[in-house]
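Chains A and B supply the protein sequences, listed in that same order. Numbering follows the numbering used here, with no gaps: position 120 of the first sequence is 121. Numbering follows the numbering used here, with no gaps: position 213 of the second sequence is 226. All C-beta atoms, glycine included, are put in the ideal place defined by N, C-alpha and C. None of these values were measured; they are calculated from a predicted model. Some notes on the structure that comes next.
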Amino acid sequence: MIVQNSPTLLQVRGLRASINGTEILKGLDLTVKRGEVHAIMGPNGSGKSTFAKVLAGHTAYEVTGGEVMFEGKNLLDMAPEMRARAGVFLAFQYPIEIPGVGNSQFLRLAYNTVQAERGQEELDPLEFDDLVREKMKLLEMSPDFLQRSVNEGFSGGEKKRNEILQMAVLQPSLAILDETDSGLDIDALRVVSQGVNHLTNKDNAVVLVTHYQRLLNYIVPDYVHVMSAGRIIRTGGKELALELEERGYDWIEAEAAEAAGALA
Amino acid sequence: MSATLDHLVNQPYKHGFVTDIESEVAAKGLSEDTIRLISAKKNEPDWLLEFRLKAFRHWLTMKDPGWANVKHPKIDFQAISYYAAPKPKAKLKSMDEVDPELLRTFEKLGVPVHERAALAGVAVDVIFDSVSVTTTYKAKLAEVGIIFGSISEAVQNHPDLVKKYLGSVVPAADNFYAALNSAVFTDGSFCFIPKGVKCPMELSTYFRINTEETGQFERTLIVAEEGASVSYLEGCTAPKFDTNQLHAAVVELVALDNADIKYSTVQNWYAGDENGQGGIYNFVTKRGLCKGVNSRISWTQVETGSAITWKYPSCILQGDNSVGEFYSVAVTNHHQQADTGTKMIHLGKNTRSTIVSKGISAGQSNNSYRGLVKVMPGADGARNYSQCDSMLVGARCSANTFPYIQVRNPSARVEHEASTSKIGEDQMFYFAQRGIDAEEAVSMIINGFCKDVFQQLPMEFAVEATKLLGFKLEGSVG
C-alpha cells in the first residue's frame with residue numbers, strides 16, 4: 002500500500018555491479034518507501050536476480066559504482082550477515098540444501114541472532130517451537146518440516162514455502178523475493194502469496210522479482226518496474242504488469258532505446 | 014570468504030607444550046640389544062622376549078608399505094629412541110607420590126588423573142612417553158573382576174591371559190609396523206572383562222608423547238569374555254617439535270560369545286605446522302576379532318591430528334551373527350595426509366557390518382578413505398552397508414575414496430554409498446543472509462556432516478571431539 006508521507010526505506014542510486022569482470026547492473030535507480038510493494042519484471046538476463054543478490058551482499062558480485070542507502074545507512078558498507086540482521090531478507094530463487102542441519106535449529110539460530118541485534122528477547126527451543134508452529138500454520142506447512150534438514154530433499158514448492166517461513170520468523174523490514182513463484186503450482190502459489198500478504202504492513206516493504214504477471218494477481222504491487230540491460234527502464238502501476246503480459250517486453254525496450262536516442 | 018574458512022579451520026594446536034621432566038631415554042637405534050634392554054627394563058618373562066625377538070627378525074625381512082596414498086621421506090629407524098620413561102623416584106604407592114610436574118601436565122591437558130576430580134564414571138590409564146603412569150578406579154573395577162591397567166603390569170600379574178591373547182588378532186608378522194611394534198612395544202593398556210560382566214564405567218587411556226626423537230609403540234589388548242561388555246576411550250596429544258615422531262601402535266580386541274566392545278578414539282597428535290614441518294607419523298594397526306556368536310565390536314574414531322595417519326580399525330566377523338561397526342571422522346588441514354578406513358572380514362553366517370566414514374579436507378591436505386569389505390564363502394547371509402562422505406573446504410585440498418569389495422558368497426548383500434560435498438560460497442551466503450556469521454555457519458555445517466559419527470561417541474568425548482574440530486557446539490536442541 003502507498004502510505005502518505007511514509008519514510009524512505011531503501012534508496013538505490015546509479016548502482017553498478019559486475020561478476021567476473023562482466024558488468025550486469027549498469028546504473029540502477031530505485032526508491033522504496035515503507036508500506037510499499039514493488040514488482041521488478043523484465044526479460045531473462047536483464048539483471049533482476051543480480052540486483053536481488055547485490056542488495057543482500059552476495060560475495061560473488063563486485064559493486065563498481067552507485068550507492069544504496071537502507072534506513073539511512075550505507076548498505077554497501079555492511080557485511081551480508083549485518084544486512085540480514087538490519088532487516089534485509091532475501092527469499093532465494095534456488096534455496097540451498099544444508100544436509101545434517103535441522104530446520105528448527107537453523108531457524109532458531111537465525112531468529113535469535115536477529116533478535117539479539119534488535120535488543121529483543123531470544124527464545125529457548127521450547128518457546129521458539131511455539132512461535133514457529135504458529136507461523137507454519139499460516140503457510141499450511143506440516144510440523145514434520147522442523148525435523149528435517151534445511152531444504153534437503155524438499156520439493157521445489159516446499160523449498161519456496163520454507164523461504165517464506167523464514168521470512169515470517171525473521172520479520173524483515175525489507176523482503177526481496179527472488180522468483181518465489183517459479184516452480185509453484187497454483188495451490189502453493191496461493192498459500193505462499195497469502196503468507197506474504199499477511200506479513201506486509203505499513204512499516205515494511207516487499208520487492209518481488211518475477212517473470213510472470215501471475216504472482217501479481219495474488220500479491221498486488223503498488224509499483225511495477227521493468228528492467229532491461231541492468232537498468233530500470235519503465236515504472237508504472239499494477240496495470241503495467243497486465244500490459245507486459247499482453248505485449249511482451251520488446252515495445253518498452255524499443256521505446257526506451259528511442260528515448261535514449263532522442264536525448265543523445 | 015575462503016580466507017574466513019581458512020581461519021576457522023586453522024585453530025592453533027593447544028597441546029604443543031613440552032613438560033620439563035627428568036626422563037630415562039634409551040640410546041637411539043634398533044637392534045636385538047635394544048629389545049633385550051626394553052625387555053629387561055620391564056622384567057619380562059622369557060616367552061615375551063622371544064615374542065619380541067621373533068617379531069624383530071621377521072621385521073628385518075619386511076619392507077615399508079608403499080601402497081598408501083601418503084608421501085613422506087624414508088624413516089631412519091636407527092635415528093629413533095625406542096624407550097623413554099619419566100624417571101621413577103621409587104615405586105609409587107599412590108597418586109600423591111607422582112611427580113607433581115607430571116600431574117600438572119595432565120591437568121593442563123584436561124585428563125582426570127585424580128579419582129576425586131575425575132569425570133564421574135570414567136576410569137583412566139595414563140601413558141606418558143613409553144610408560145603407564147597411573148590408572149584410576151582400579152580397585153573398584155577389581156571388585157567385579159575387571160582387570161584394567163598397563164600391559165606391563167598385566168604381563169607381571171596375569172601372564173597367562175596376556176600370553177593367550179597377545180598377537181592372537183594381529184600376529185607379530187602381520188605388517189611392517191605391527192611387526193615393529195611387536196618387537197619394541199613399551200607399554201599400553203590391558204583390559205579384561207570376565208564372563209557376564211557389564212563394565213560399570215567407561216574405561217579410558219590417555220597417551221602423551223613428551224620426549225623428542227622417541228617413538229611411541231604402545232600395545233593395547235582388550236578381551237571381553239562371554240556376555241561381557243565394555244566401552245573404551247582413547248585420547249592422544251603430543252608437544253610441537255620440528256622433527257617427525259613415529260607412533261606405531263597395535264590394538265587388539267577379542268569378543269567372545271555375546272560380548273560387546275565399543276572402542277572410541279579421539280586422536281589429536283601434533284599435526285605439524287602450516288608448512289608441513291614436524292608432526293606425528295601415526296601408523297597404527299587396530300583390529301578386533303568377533304570370535305564368538307552374537308558378538309559385537311564397534312570402532313568410533315575422530316582423527317584430527319598427526320602429520321600422516323595410516324590406520325584401518327578392522328573387524329574379523331568369525332562368530333555367527335556377529336556385528337562389526339566403524340564410524341569415522343577424519344579431518345585434515347594444511348599439509349596433513351590421512352589414509353584411513355576399515356576392513357570388515359565376514360567369515361561367520363549372518364554377520365553384519367556397517368561403515369560410516371566422514372572425511373573433511375581443508376588447506377592443502379589429502380584425505381583418503383580406504384576400506385575393504387570381504388565376504389568369505391562360508392558367510393551365508395552376510396550384509397554390509399558402507400557410506401563414505403567427503404567434504405572439501407577450499408580449493409587446494411583433495412579427497413579420495415578407495416573401496417575394495419570382495420564377495421565370495423552369493424547370498425551376501427553389500428551396499429556402498431559415497432558423496433562429495435563442498436562448503437561453498439553459496440552455502441555460506443545462505444547462512445549469512447539469515448544473519449548467521451561464518452564461524453557459526455561452518456560449525457553447523459561440519460557438525461551436521463559429522464552427526465552420524467558424533468552420536469556414537471560417549472558424551473564427554475563427543476564434546477571434546479566437537480571442540481577439537483575448533484568449532485562451537487551446535488544448539489542444545491536439534
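A:Ala111 has a beta carbon lying within less than 8 Å of a beta carbon in chain B.
Against B:Gly448, the close residues of chain A are Glu82, Ala85, Arg86, Ala111, Thr114, Val115, Glu118 and Leu171, in the order they occur along the chain (beta-carbon pairs closer than 8 Å). Pairing A:Gln121 with A:Val89, the inter-Cα distance amounts to about 17 Å.
Under the three-pair Cβ rule at 8 Å, the stretch 374-391 of chain B counts as touching the stretch 352-359 of chain B.
Secondary structure at B:Tyr96: coil, using DSSP grouped into helix, strand and coil.
Legend: CB atoms of the stretch 195-225 of chain A lying less than 9 Å from CB atoms of chain B are not found in any residue. For the set B:Gly318, B:Ser244 and B:Pro207, the Cα lying nearest the Cα of B:Gly291 is the one of B:Gly318. Contact between B:Thr298 and B:Val336 does not hold, since their C-beta atoms are separated by about 21 Å, which reaches or exceeds 8 Å. Between B:Ser366 and B:Cys328 the beta-carbon gap is near 6 Å, inside 8 Å, which marks them as a contact.
Considering only beta carbons, the part of the stretch 90-109 of chain A lying closer than 8 Å to chain B consists of Phe90, Leu91, Phe93, Pro96, Ile97, Ile99, Pro100, Gly101, Val102, Gly103, Ser105, Gln106, Phe107 and Arg109, in chain order. Listed by position along chain B, the residues whose Cβ is nearer than 8 Å to that of A:Gln167 are Arg447. Residue range Thr9 to Ile20 is occupied by the beta strand (DSSP E) that includes A:Arg14. Taking a contact to require three or more Cβ pairs closer than 8 Å, the stretch 241-252 of chain A and the stretch 219-227 of chain A qualify as touching. A:His199 is classed as exposed because its beta carbon has fewer than 16 other beta carbons within 10 Å across all chains shown. Listed in chain order, the positions of the stretch 32-44 of chain A with a beta carbon within less than 9 Å of a beta carbon of chain B would be empty, since no residue qualifies.
For A:Lys49, the number of other beta carbons within 10 angstroms of its own is at least 16, and it is reported as buried. For A:Pro8, the closest C-alpha among the options A:Glu82, A:Val64, A:Thr60 and A:Gly73 is that of A:Gly73. By the Cβ test, the stretch 53-72 of chain A is in contact with the stretch 167-179 of chain A, since at least three Cβ pairs between them sit closer than 8 Å. B:Pro172 sits in a helix when the DSSP states are folded into three classes. Counting along the chain, no alpha helix (DSSP H) covers A:Leu209; the unbroken beta strand (DSSP E) around it starts and ends at Ala206 to Val210. Cβ contact annotation for B:Ala351 (same chain, cutoff 7 Å, sequence separation greater than five): Glu316, Thr322, Ala343, Thr345, Asn380 and Ser381, in chain order. In the structure shown, A:Asp223 falls within a coil segment according to DSSP collapsed to helix, strand and coil.
For A:Ala57, the chain B residues whose Cβ falls inside 7 Å of its Cβ are Gln446, in order along the chain. For A:Ala18, same chain residues with a beta-carbon under 7 Å away, outside a window of 5 residues either side, are Ile25, Leu26, Thr51, Val55, Tyr62, Glu63, Val64 and Thr65 in chain order. When the beta-carbon positions are compared, B:Arg309 and B:Asp273 come within less than 8 Å of each other.
Counting of Cβ neighbours within 10 angstroms places A:Glu164 among the buried residues, the total reaching 16 or more. Secondary structure at B:Lys356: strand, using DSSP grouped into helix, strand and coil. Collapsing the DSSP output to three states places B:Asn397 in a strand. Under DSSP, A:Phe129 forms no beta bridge with any residue. One thing to note: A:Tyr250 has its Cβ within 8 Å of the Cβ of A:Val227.
Proximity of B:Lys464 to chain A, defined by a Cβ-Cβ separation below 8 Å, is satisfied.
Nearest neighbour of A:Ser47 by Cα position, chosen from A:Ser229, A:Glu259, A:Ala261 and A:Trp252, turns out to be A:Ser229. Within its own chain, the residues whose Cβ lies closer than 6 Å to the Cβ of B:Asn194, once the five positions on either side in sequence are excluded, are Phe230, Ala261 and Val263, listed in chain order. With the rule of 3 Cβ pairs closer than 8 Å, the stretch 128-136 of chain A does not count as touching the stretch 149-156 of chain A. DSSP lists A:Val227 as the beta-bridge partner residues of A:Met42. Between B:Tyr178 and B:Val267 a beta carbon distance of about 6 Å is seen, short of the 8 Å cut, so the two are scored as contacting.
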